[in-house]
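Note sheet for the following structure.
In the UniProt record's numbering, the protein residues as written are 1 to 412.
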């Protein structure tokens, strides 16, 4: 009577949503799973994302949802074919966590918190037999192909049948996403696209001291932003001491960053009154103002506070004497952005392992048995639940890919 072959051992490196999802799929598929994370606890960036309300995904229709992934819409769309926003919500419900759709279409846990979800998930993983290791950093591979893992008791070598790398991008290094994996893959011949800030703020050449001191931290809403070649988008942003940040800026961070890289700067145009046409603005400006100052006249049409400050900051005196020019400036106020804020301040990062280096299972073609998932892949998306959804979906695809690959290996 033959002895049954042991269950394969799979190492998952990274304890964020992608790594945890891969571990769950692998354990459910019969693999022995050991998960390693360098931080003292798991899911640290996930928990931070839940501060102020855990936006887990978005309820918009699939076509515009997939379009949020820009240049990587095809690749991420393929992952979402297997595990989309609806599937993610159903999975969360399976953990005993209810969800609801907010007025903006964003999806949240019923209590708006990330911690209960993470606790329920880790409990399930432990019950599945997943062994969770914290304070253990992956250092690459030994000459025999085993994984180098450095923990509190020193370095160990782990000979796994396969591994999933889900090490995050390069933002928020203090939470574990420090990009330290880039040279480790480069040393094995994997060409990694340079990590760059995404969903980030941008700097201007320099606000005047008066404007920066008075308006740093002030929200501008509603406002629309236009970039040449792209349709204008409406939302809100915040003035900072160095420039601008906030949801509308984050949504446009990819084209802004690309224009800065190409041209040395990115010219955007602010529509300070997006719900009025230029003709309506000019008509309002042309109304007699009597003894009122121009500042009070502008306040009467909604140009006050930080809007008035921006208009003063970004136009010359001659514009204020020419009402058609002033109306044009209110509707298309030019603002030059010169550089993104540092990567470690960004909500997420672009760049990483290109999909061209992976097969459909997310396995590295140059390193059979090594799979990648999550933000370490070369894609980006705006905030609003899109980042997390793709991380979950990629972790699920990598986990299933490992099981498929192991099955083929054992069948040989």
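We treat Cβ as the ideally placed atom computed from N, Cα and C, and that holds for glycine.
Going by DSSP, what residue range makes up the beta strand (DSSP E) through residue i?
i: residue 321; result: No beta strand (DSSP E) contains residue 321, which DSSP labels as neither H nor E.
i: residue 99; result: 99-101
i: residue 348; result: 348-352
i: residue 226; result: 219-227
i: residue 141; result: 137-141
i: residue 338; result: 333-340
i: residue 107; result: 106-109
May I ask which residues mark the beginning and end of the alpha helix (DSSP H) holding residue i?
i: residue 116; result: 115-127
i: residue 409; result: 386-411
i: residue 207; result: Run containing residue 207: none; DSSP gives neither H nor E here.
i: residue 300; result: First-last for residue 300: undefined, no H or E at that position.
i: residue 413; result: Here the chain comprises residues numbered 1 to 412, so residue 413 is not present and cannot be evaluated.
i: residue 64; result: 62-67
Quick check on DSSP: helix, strand or coil for residue i?
i: residue 24; result: helix
i: residue 184; result: helix
i: residue 375; result: helix
i: residue 159; result: coil
i: residue 362; result: coil
i: residue 3; result: With a pLDDT of only 45 at residue 3, under 50, the local geometry of the prediction cannot be trusted, and no value is derived from it.
i: residue 192; result: coil
i: residue 51; result: coil
i: residue 40; result: coil
i: residue 46; result: helix
i: residue 91; result: helix
i: residue 19; result: helix
i: residue 310; result: helix
i: residue 70; result: helix
i: residue 380; result: coil
i: residue 216; result: coil
i: residue 316; result: coil
i: residue 292; result: coil
i: residue 367; result: coil
Could you say which of the options lies nearest to residue i if we only look at CA atoms?
i: residue 329; options: 21, 94, 36, 268; result: 268
i: residue 230; options: 256, 240, 223; result: 256
i: residue 67; options: 287, 386, 332, 277; result: 386
i: residue 327; options: 283, 342, 312; result: 283
i: residue 32; options: 339, 184, 161, 221; result: 161
i: residue 341; options: 159, 263, 396, 249; result: 249
i: residue 405; options: 365, 58, 157; result: 365
i: residue 440; options: 110, 164, 143; result: The chain is shown from 1 up to 412; residue 440 falls before or after that span and cannot be answered.
i: residue 40; options: 309, 374, 174, 264; result: 174
i: residue 184; options: 83, 309, 376; result: 376
i: residue 362; options: 400, 381, 409; result: 400
i: residue 264; options: 121, 338, 201; result: 338
i: residue 139; options: 133, 149, 132, 131; result: 149
i: residue 293; options: 275, 50, 320, 145; result: 320
i: residue 207; options: 131, 215, 200; result: 215
i: residue 358; options: 350, 115, 371, 8; result: 371
i: residue 332; options: 301, 300, 369, 274; result: 274
i: residue 57; options: 48, 100, 78; result: 100
i: residue 381; options: 127, 108, 241, 200; result: 200
i: residue 69; options: 397, 247, 19, 389; result: 389
i: residue 108; options: 123, 192, 90; result: 90
i: residue 73; options: 410, 373, 355; result: 355
i: residue 379; options: 189, 131, 77; result: 77
i: residue 192; options: 112, 198, 202, 180; result: 180
What residues are listed by DSSP as bridge partners for residue i?
i: residue 198; result: 348
i: residue 34; result: 11, 131
i: residue 235; result: 223
i: residue 154; result: 151
i: residue 230; result: Per DSSP, none; premise fails for residue 230.
i: residue 165; result: 13, 372
i: residue 57; result: 107
Tell me whether residue i counts as near the ligand MN, meaning its Cβ is closer than 7 Å to at least one heavy atom of that ligand.
i: residue 103; result: Of ligands this structure carries none, so the ligand MN is not represented either.
*Can you give, in chain order, each stretch of the beta strand (DSSP E) that sits fully within the stretch 239-290 and has at least 3 residues?*
243-245, 266-271
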